[in-house]
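Heads up: the structure comes next, in structure tokens.
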Amino acid sequence: MMRSHSDGVTPSAAMPNFMADRGARLVDAGYSILPIAPGAKCPGQYSNSNGWRGLTDWVRFCDRQPTALELEIWSGWPGCGIGIPGGRAVGIDIDVLDSDVALQIEALAQAELGATPAIRIGRNPKRLLVYRAKAVFQKFALHPIEVIAHGGQFVAYAIHPDTGEPYRWPVEDLSEIELASLPTVTEESCRRFLDAAIRLVPPELRQSHLGPDRHAEYYYAPGGNLRGTLPAVGAALSFIANDDLPYEDWIRIGLALKGGLGEAGWPLFQAWSGGSSKDKAETTAKAWQSLKPNRIGAGTIYGYALERGWLPDSDLILNGALAEVVEKPGHPAAGFLARIEAEIATEKEDKAQEAAPVRTPTGDVATADEVTGNAASGLSSSGRTDVAALVATAPGLLGQITQWMISTAVSPQPFLSLGAALCVLGTAMGRRYRLNQPDTRSNLYVIALADSTSGKDHPRKCARRLLIEAGLGQHLGGETIASGSGLLASLAKHPVRLFQIDEFGHFVTAVLDPHSHAHHRREIMTQFTVLSTSATETVIGTEYANQEERPRLDICEPCVCVYASTVPHVFWGAMQHGNIADGSLPRFLIFQTERNFPDEQDPQSIDDGLHELVPVLQSVADGDGTLASSMAPCVRPILLTVPFNTEAATLDQALRCRQLELKRQHEGTPFAAIVGRMREHTRRVALIAAVGVDHVQPVVTADVYRWAEALVEHCIASVIDQAKRFVADSAHEAMSKRVLDVIRRAGRWLDGNALTQRIRFLPRKARAEIIAELAEAGLVEVRQEGTLTKPRQLVRAAPE
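Counting in this note's numbering, the sequence shown runs from 717 upward without gaps.
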């Protein structure tokens, strides 16, 4: 467990700071490094307010060395140790406490992989040997021996938490060894070594390497069963290699198979067990008969397989209870799966038609001007622009980044990719470009809405990777923000930041809940609100009593971009009308996917196309040196003013007038604040798009402005539509809107039984009251239909 101030272990200046002593030397010698928290073996980060805590996303240092700024910051952290991320460096970790065995394995490594002087001792006789990768490969292990490659890390310098002594390099200090001088290894040579080395480890010293089991409630709802289906379990088991597993792992798989399939699992266990050189048929059969699972089942098999790359076919049914229902002849639910599949197929066909490229009468793909046409005068959902067309016509570098994110995703989310691309480009050009009259910068806030497992995380990962590859990793803010003062402290180190926040809906819930004690989160939201309007001025920091330890942090013209993702029901469930009207939400552009679960594809490698984007993004950020201003937070930047051409300037003034009219139309409603930001958002998006077209001599053209206006109008219309449907100021109103949405989604007349099935979350009395209220308000239509026994009531949504 990592120690921190709260644990009573406060790092002091007297503790050795290995990072300050050897960090720079290791980087010069060719190694990538990362900070290790004192008293722990894992990467950490330090702040005056929170002490030491875990370092998020440290795996990025597997691909690059730290910057000079990062190294300088780490060197000031008390007690900071040094870790070496796997990648170019490879560690052979021999985690064995038997001296004879550990020395035999070391001798084997020296003979098979090459004689290396880089040997580290933590708790003797355990040891680790360092090599150089000929080509980068992923980590793997047969515990207690691990090959620490890409995705892993090992401690080089720190105080060992068990011995209380520093890690030792008894042959030669690693900081004195050039990485290029170490023997080279490949994935193949390491696997050959590992296969030979594990035979030197007595069975009693071998450790489980499957990981913990997963009981039914981990994979199914609470109270779920252990059962799976034979096709699904068999497919999953093929991904779990029986490479002479320890006894505990062998028994665990047997328990899971019997718990998931009963006696039908015996042939699978018999065949799988036979893959081990230790297998004895009589022992296997006897063990199977003795197994009495009561806690684990098919979920354990599925879990281990998913960790090893298994992707279940879409036609597989994983839950045995569900399979029994859909396959039982005469059962009321029999055949429902086929009906669902038919509905999905129809939906796919409809969506494919909607997503088809917009074409002109001559057959050419439509331009942005032709797609957007004249801006709609209203903001109803029916007037929204086609999302596929907006994505397809994204101009210049913005479109290239978007398409790269789409092509490298298993579950592509084009609209969310466009939102992430805007944030990446807006960050890269921060404090370099602006529009005039009024002064507008590229600080953009985006919220991406899509369900879990829908692919919404991929654009965020791509944004991080692209900025790091372009040498702009210093622009990445932490994905976890502890407080408002922590946010300002981050900007005090670098005034241009992209904060990517996952599960933003829970963040918003805590901020808006009047009974929540998450005061620090309210402070963060307040700071975001202030920073959104402070990109053209100096933000004055907080005055603390002890100015020597906590000086005031002033930031001149900060550029803060935010890309936050969350699921829609959590986000909208937290909202009330007052939250929309107070000005915080309207500062965000909300990108809501129109398809939560898109068709999956075979993605391109994330490296494909990356080398084409990196130099352009670097040039956007750095220019030729004549415009690049100091990134010191206290220095006012030198900016290039991006002009409008004549037609675009006319469009900008026309939008100004239309925005005023929309504000008057929505006066007295929460939506006035949303439409009141329409021109501001459009100008930001147009600025980013124009720089993406030409970062040397950018100009906002009419085509660029129309595209930006259409995008913003779509986002605002979507927000208003969703808010009308789901935002409520009371529990009763929220429930009424939920019922109305259920009826609208049906798209047809519903009888009592069909309606009850859809809104069974309501008691009968409340159900009748809400239907009556909706009918009185003219939102649903109700009629009676005669039957042979008694009349039945039918309900459908009134035309919108």
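Think of the CB as a built atom: it goes at the ideal place given N, C-alpha and C, for glycine as much as any other residue.
Quiz item: I think Ser-966 touches Ser-993, with their Cβ atoms under 8 angstroms apart; what is that distance to the nearest whole Å?
Solution: The sequence shown places Trp at residue 966, rather than the Ser named in the question. Contact flag wrong, Cβ pair sits at about 12 angstroms.
Self-check item: Candidates Val-1416, Asn-958, Lys-1008 and Ala-951: closest to Glu-1363 by CA position
Solution: Val-1416
Quiz prompt | Within 8 angstroms, strictly: CB atoms of Thr-1000 and Ala-972 | solution = no
Self-check item: Backbone CA spacing between Gln-1438 and Arg-1499 [nearest angstrom]
Solution: 28 angstroms
Quiz item: Taking all protein chains shown into account, do 16 or more other C-beta atoms lie within 10 angstroms of the C-beta of Gln-1369, making it buried, or fewer, making it exposed?
Solution: exposed
Quiz item: Touch check for the segment 773-782 and the segment 801-810: three-plus C-beta pairs under 8 angstroms?
Solution: yes
Quiz item: Straight-line CA distance for Pro-1274 to Tyr-883?
Solution: 42 angstroms
Quiz prompt | Pairwise C-alpha distance: Gln-1381 and Thr-1083 | solution = Low local confidence applies: a pLDDT of 44 at Thr-1083 is under 50, so the model's placement there is unreliable, with the coordinate-based value given in what follows. Cα-Cα distance, rounded: 31 angstroms.
Quiz item: Which residue or residues does DSSP assign as beta-bridge partners of Ser-1006?
Solution: DSSP lists no partner for Ser-1006.
Quiz item: Nearest to Arg-1352 by alpha carbon, out of Lys-757, Thr-1254 and Glu-998?
Solution: Thr-1254
Exercise. State the DSSP-derived secondary structure class of Ser-763, mapped to helix, strand or coil.
Key: strand
Quiz prompt | DSSP beta-bridge partners of Gln-1509 | solution = Gln-1500
Quiz item: Mind checking whether the beta-carbon of Leu-1305 lies closer than 7 angstroms to any heavy atom of the ligand COA?
Solution: The ligand COA is not among the ligands present in this structure, which contains no ligands whatsoever.
Quiz prompt | C-beta atoms of Leu-1114 and Ala-1144 nearer than 8 angstroms | solution = no
Quiz prompt | Residue span of the alpha helix (DSSP H) that contains Ser-906, given as start and end | solution = Sequence inspection shows Cys at residue 906; the Ser mentioned does not correspond to that position. 903-913 is the span of the alpha helix (DSSP H), which, as asked, contains Cys-906.
Practice problem: Would you kindly report the start and end of the unbroken beta strand (DSSP E) that includes Gln-1308? | Solution: 1305-1308
Exercise. Alpha carbon to alpha carbon, how far is Ala-1105 from His-1285? Give it in angstroms, no decimals.
Key: 26 angstroms
Quiz prompt | Residues near Ala-1125 in its chain [Cβ-Cβ closer than 6 angstroms; skip 5 each side] | solution = Gly-1171, His-1174 and Pro-1319
Quiz item: Between Ala-1251 and Ile-1163, is the Cβ-Cβ spacing less than 8 angstroms?
Solution: no
Quiz item: Where does Asp-809 land, buried or exposed, given buried means 16+ other C-beta within 10 angstroms?
Solution: buried
Quiz item: Residues bridged to Leu-858 by DSSP?
Solution: Ile-861
Quiz prompt | C-alpha distance - Ala-912 paired with Glu-903, whole-angstrom precision | solution = 14 angstroms
Quiz item: What are the boundary residues of the beta strand (DSSP E) that Asp-809 is part of?
Solution: 805-810
Quiz prompt | Inter-residue Cα distance where the pair is Phe-1244 and Gly-1392 | solution = 18 angstroms
Quiz prompt | Per DSSP, cross-strand counterpart(s) of Gln-869 | solution = Pro-801
Quiz prompt | Rounded distance between the beta-carbons of Ile-1033 and Leu-942, thought under 8 angstroms | solution = Actually they are not in contact, since the Cβ atoms of Leu-942 and Ile-1033 sit about 15 angstroms apart, beyond 8 angstroms.
Self-check item: Outcome for Phe-1313 when other beta-carbon atoms lying within 10 angstroms are tallied against a minimum of 16
Solution: exposed
Quiz item: Is there contact here, the segment 1458-1465 with the segment 1505-1514, by at least three beta-carbon pairs under 8 angstroms?
Solution: yes
Quiz item: How would you call His-1411, buried or exposed, if buried means at least 16 neighbouring beta carbons within 10 angstroms?
Solution: buried
Quiz item: What's the C-alpha gap between Phe-734 and Cys-796?
Solution: 6 angstroms
Quiz item: Taking three-plus beta-carbon pairs below 8 angstroms as touching, is the segment 874-883 in contact with the segment 891-900?
Solution: no
Quiz item: Three-state secondary structure (DSSP) at Ala-1344?
Solution: Its pLDDT being 43, under 50, Ala-1344 is placed unreliably in this model, and the value from its coordinates should be taken loosely. Correct three-state label for Ala-1344: coil.
Quiz item: Which of helix, strand or coil does DSSP assign to Ser-1434?
Solution: helix
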